[in-house]
Amino acid sequence: MKNGFKSLWILSLFFLLLCSPANADSSQAQNALLPKVVVVTTGGTVAMKYDSASGGAVPAVSGKDLIEAVPGLDHIAAIETVELCNIDSSQMTPELWRKLSAKVQEILERPDVQGVVVTHGTDTMAEGAFFLETTLQSEKPVVFVGAMRSASDLSPDGPANIYNAVLQVCSPQAKEWGVTVTMNQFINSARHVQKDETTNVQTFNSGEYGYLGYIVGDRVIPFNHVLIKNKWPLPELLQDVPLLSTYAGDDGKFIRYAVDHGAKGLVIQGVGAGNVNKDVFQAIQYALGKELPVVVATRVRHGGAYALYGDDGGGGSLLSIGAHLAGDLSAYKARLLLMITLSQPDMTPEKLKRVFSPQ
Numbered sequence: 003m004k005n006g007f008k009s010l011w012i013l014s015l016f017f018l019l020l021c022s023p024a025n026a027d028s029s030q031a032q033n034a035l036l037p038k039v040v041v042v043t044t045g046g047t048v049a050m051k052y053d054s055a056s057g058g059a060v061p062a063v064s065g066k067d068l069i070e071a072v073p074g075l076d077h078i079a080a081i082e083t084v085e086l087c088n089i090d091s092s093q094m095t096p097e098l099w100r101k102l103s104a105k106v107q108e109i110l111e112r113p114d115v116q117g118v119v120v121t122h123g124t125d126t127m128a129e130g131a132f133f134l135e136t137t138l139q140s141e142k143p144v145v146f147v148g149a150m151r152s153a154s155d156l157s158p159d160g161p162a163n164i165y166n167a168v169l170q171v172c173s174p175q176a177k178e179w180g181v182t183v184t185m186n187q188f189i190n191s192a193r194h195v196q197k198d199e200t201t202n203v204q205t206f207n208s209g210e211y212g213y214l215g216y217i218v219g220d221r222v223i224p225f226n227h228v229l230i231k232n233k234w235p236l237p238e239l240l241q242d243v244p245l246l247s248t249y250a251g252d253d254g255k256f257i258r259y260a261v262d263h264g265a266k267g268l269v270i271q272g273v274g275a276g277n278v279n280k281d282v283f284q285a286i287q288y289a290l291g292k293e294l295p296v297v298v299a300t301r302v303r304h305g306g307a308y309a310l311y312g313d314d315g316g317g318g319s320l321l322s323i324g325a326h327l328a329g330d331l332s333a334y335k336a337r338l339l340l341m342i343t344l345s346q347p348d349m350t351p352e353k354l355k356r357v358f359s360p361q
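Each residue of the sequence shown is one higher than the last, beginning at 3 in the working numbering.
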């Protein structure tokens, strides 16, 4: 009995020593030596839990709770959280991305900050990442991350994804990549990443352009470099630019409607290498006649929009009448780039032509 009491007394003393101010100071000193990473939360599946009333996952987890659910995070970085919003990313808007970009830029200007992790829903993550890549003026790393499974799922992927995102920000092997989307261990550039799967955890890829790198254990293994960077000042006001997808038998009426109802520019998602039929070609001529910039992209997943055909509606003929081709940009990202560039106070048709010159 005496031996048992003695053991209990030793354990209690050890616990008290561990929690003493000296140990607390040591822990704080160790934390001060770690790189500072700010996690900006916006919501998405990563911050959702199942709700029996609605029969689906709904926003439910705060930014602080989200970070506390990631074991080992405090061993690789000193974490600070900023909660911008908590919404499903299907509800995201360019204006919210503008606010997000301004907040992230403000954080990156702090000398004590190594980089930023943005938690975001996957539905529009590729667009959000591209918006920040285009408007952020800092070279510090920014990693977009989320989850395909909610916090209440059997095997949520959010904690591991967040851990890897923070690890990437702190890694010397992950420099000069700008803004990335990092999910399921794969690192994608903001320009080329697309969501290609609606339910699987391996949802993002960069197609023929390839991944920037891969995370295994506590290592970042680089594969590629970011070759194209297109930076613009963050505008105070974003111009109205509708995106319209063409289809077989399209008569161009929706283009004319957009032109007549306040659009400041148009992005057309064409077929093939950026082609449209004759009726749509004439509708684009109508828009150009009203001095509205028109950018033509493609609905095809790989490749891009290029001047390969010269008949009415072909990429070559579209260029000849003053339209622009999106090159390797998806229609969604071409729309954001057109909104940002049209909002620049010194933008001219000649400058816009250079923005959308094929890379």
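Note that the Cβ used here is the ideal one computed from N, Cα and C, for glycine as well. Remember, predicted model here, so these are calculated numbers, not experimental data.
**Prompt:** How many whole angstroms separate the CB atoms of V183 and V171, which I take to be in contact at a CB cut-off of 8 Å?
**Reply:** As a working note, residue 183 is residue 181 in the sequence shown. As a working note, residue 171 is residue 169 in the sequence shown. Not a contact, Cβ separation roughly 14 Å.
**Request:** Ignore the nearest five residues each way along the sequence and tell me which others in M94's own chain have a CB closer than 6 Å to its CB.
**Result:** Against the sequence shown, residue 94 aligns to sequence position 92. Counting only Cβ-Cβ distances below 6 Å, and skipping sequence neighbours, we find T126.
**Item:** Check: K255 C-beta below 7 Å from any heavy atom of the ligand FAD
**Value:** The ligand FAD is not part of this structure, which contains no ligands at all.
**Test item: CB-CB of N186 and V203 under 8 Å** = Reading the sequence shown from its first residue, position 184 is the one you call residue 186. Reading the sequence shown from its first residue, position 201 is the one you call residue 203. Contact flag set, yes.
**Prompt:** Which residues in the same chain as E210 place their Cβ atom closer than 6 Å to its Cβ, once the five residues preceding and following it in sequence are excluded?
**Reply:** Position 208 of the sequence shown, counting from 1, holds the residue named residue 210. These residues qualify, in order along the chain: H304.
**Asked** Excluding the five sequence neighbours on either side, which residues of its own chain have a C-beta within less than 6 Å of the C-beta of Q241, listed in chain order?
**Response** Your numbering for residue 241 matches position 239 in the sequence shown. For Q241, where only same-chain residues beyond five positions count, the Cβ hits under 6 Å are K266, M341, L344 and S345.
**the segment 249-266 / the segment 213-230 touching (three or more Cβ pairs under 8 Å)** = no
**6 Å CB neighbourhood of S140 in its chain, flanking five on each side removed** = Stepping through the sequence shown from its first residue, residue 140 is reached at position 138. Excluding residues within five positions, the ones whose Cβ falls inside 6 Å are L110.
**Message:** Between which two residues does the beta strand (DSSP E) holding K38 run?
**Reply:** Translated into positions along the sequence shown, residue 38 becomes position 36. K38 to G45 is the extent of the beta strand (DSSP E) around K38.
**Asked** By DSSP, does L68 sit in helix, in strand, or in coil?
**Response** Residue mapping note: residue 68 aligns to position 66 of the sequence shown, counting from 1. Residue state, collapsed to three classes: helix.
**Prompt:** Applying the criterion that 16 or more other CB atoms from any shown protein chain within 10 Å of the CB defines a buried residue, is L331 buried or exposed?
**Reply:** Numbered from its first residue, the sequence shown carries residue 331 at position 329. It counts as buried.
**Request:** State the Cα-Cα distance for the pair V123 and E199, rounded to the nearest angstrom.
**Result:** The residue you call residue 123 lines up with position 121 of the sequence shown. The residue you call residue 199 lines up with position 197 of the sequence shown. Per the sequence shown, residue 123 should be read as Gly rather than Val. In a straight line, the C-alpha of G123 is about 14 Å away from that of E199.
**Request:** Would you kindly report the start and end of the unbroken beta strand (DSSP E) that includes I217?
**Result:** One-based indexing of the sequence shown puts residue 217 at position 215. From DSSP, the beta strand (DSSP E) with I217 extends over G215 to V218.
**Asked** So, are the CB atoms of V119 and I164 less than 8 Å apart?
**Response** Along the sequence shown, read from residue 1 onward, the residue named residue 119 stands at position 117. Along the sequence shown, read from residue 1 onward, the residue named residue 164 stands at position 162. For V119 and I164, yes; Cβs fall inside 8 Å.
**Prompt:** Is T137 buried or exposed, if buried means 16 or more other CB atoms sit within 10 Å of its CB?
**Reply:** Here residue 137 is taken as the residue at index 135 of the sequence shown, counted from 1. By the 10 Å Cβ count, T137 comes out buried.
**Item:** Rounded separation between D76 and N166 - CA only
**Value:** Position 74 of the sequence shown, counted from the first residue, corresponds to residue 76. Position 164 of the sequence shown, counted from the first residue, corresponds to residue 166. Going from the Cα of D76 to the Cα of N166 covers about 13 Å.
**Prompt:** DSSP on K197, reduced to helix/strand/coil?
**Reply:** In the sequence shown, the residue the question calls residue 197 occupies position 195. Note: K197 maps to strand in three-state DSSP.
**Request:** Using the DSSP secondary-structure output, state which residues sit across from F146 in a beta bridge.
**Result:** Reading the sequence shown from its first residue, position 144 is the one you call residue 146. BP columns for F146 point to V120 and V183.
**Message:** Quick check: Q107 and K38, are their CB atoms within less than 8 Å of each other?
**Reply:** Within the sequence shown, residue 107 is the residue found at index 105, counting from 1. Within the sequence shown, residue 38 is the residue found at index 36, counting from 1. Against a cut-off of 8 Å, the Cβ pair of K38 and Q107 comes out as no contact.
**Span of the alpha helix (DSSP H), counted from its first residue to its last, around G291** = Working through the sequence shown from its first residue, we reach residue 291 at position 289. Run containing G291: K280 to G291, per the alpha helix (DSSP H) assignment.
**Asked** When the distance is taken between beta carbons, is V278 closer than 8 Å to G324?
**Response** Counted from its first residue, the sequence shown places residue 324 at position 322. Counted from its first residue, the sequence shown places residue 278 at position 276. No; because the gap between Cβ atoms is not below 8 Å, this pair is not in contact.
**Request:** Kindly list the residues whose CB is nearer than 7 Å to the CB of K66, restricted to its own chain and excluding five residues on each side of it in sequence; keep chain order.
**Result:** The sequence position of residue 66 within the sequence shown is 64, counting from 1. Once the five neighbours on either side are set aside, the close Cβ partners of K66 are T83.
**Prompt:** Considering only the beta carbon of each residue, do L268 and V302 sit closer than 8 Å?
**Reply:** For this step, residue 268 is matched to residue 266 along the sequence shown. For this step, residue 302 is matched to residue 300 along the sequence shown. No, the Cβ-Cβ distance between L268 and V302 is not below 8 Å.
**Message:** Are the CB atoms of G160 and F146 within a distance shorter than 8 Å?
**Reply:** Translated into positions along the sequence shown, residue 146 becomes position 144. Translated into positions along the sequence shown, residue 160 becomes position 158. No, the pair does not count as a contact, with Cβ atoms beyond the cut-off.
**Proximity below 8 Å, CB of A289 to CB of A328** = If you number the sequence shown from 1, residue 289 lands on position 287. If you number the sequence shown from 1, residue 328 lands on position 326. Result no, Cβ atoms of A289 and A328 do not sit closer than 8 Å.
**Request:** Reducing DSSP to helix, strand and coil, say where P96 ends up.
**Result:** Counting from 1 along the sequence shown, the entry for residue 96 is found at position 94. The answer is helix: DSSP assigns P96 an H, G or I state.
**Asked** Closest to L239 by CA distance: which of L338, T121, I81 and T350 is it?
**Response** Residue 239 sits at position 237 when you count from the first residue of the sequence shown. When each option's Cα is compared against that of L239, the closest is L338.
**DSSP state of F188 mapped onto helix, strand, coil** = In the sequence shown, counting from the first residue as 1, residue 188 sits at position 186. Of the three classes helix, strand and coil, the one that applies to F188 here is strand, per DSSP.
**Exposed unless 16 or more other CB atoms sit within 10 angstroms - verdict on R356** = Locating residue 356 in the sequence shown gives position 354, where the first residue counts as 1. R356 is exposed by the Cβ-count criterion.
**Item:** Sequence-distant residues of its chain with Cβ nearer than 6 Å to P351 (five each side left out)
**Value:** Within the sequence shown, the letter at position 349 stands for residue 351. Cβ neighbours of P351 beyond the five flanking positions: none.
**Those residues which DSSP pairs with H1 across a bridge** = The first residue shown for the chain is 3 and the last is 361, placing residue 1 beyond what the model contains.
**Message:** Using 8 Å as the threshold, is the C-beta distance between L236 and S103 below it?
**Reply:** Residue numbering aside, residue 236 sits at position 234 when the sequence shown is read from its first letter. Residue numbering aside, residue 103 sits at position 101 when the sequence shown is read from its first letter. Result yes, Cβ atoms of L236 and S103 sit closer than 8 Å.
**Asked** Mind checking whether T121 and T44 have CB atoms under 8 Å apart?
**Response** Within the sequence shown, the letter at position 119 stands for residue 121. Within the sequence shown, the letter at position 42 stands for residue 44. Contact flag set, yes.
**Request:** Pick out whichever of H326, S91 and K142 has its Cα sitting closest to the Cα of R112.
**Result:** The residue given as residue 112 occupies position 110 in the sequence shown. That would be K142, whose Cα lies nearest to the Cα of R112.
**Prompt:** CB-CB under 6 Å to V228, same chain, minus the five flanking residues each way: which ones, in chain order?
**Reply:** Numbered from its first residue, the sequence shown carries residue 228 at position 226. Closer than 6 Å at Cβ, skipping near neighbours: W179, G180 and S191.
**Request:** Report yes if the CB atom of Y213 is closer than 8 Å to the CB atom of N232, and no otherwise.
**Result:** Mapped onto the sequence shown, residue 213 falls at position 211. Mapped onto the sequence shown, residue 232 falls at position 230. No, these two residues do not count as a Cβ contact at 8 Å.
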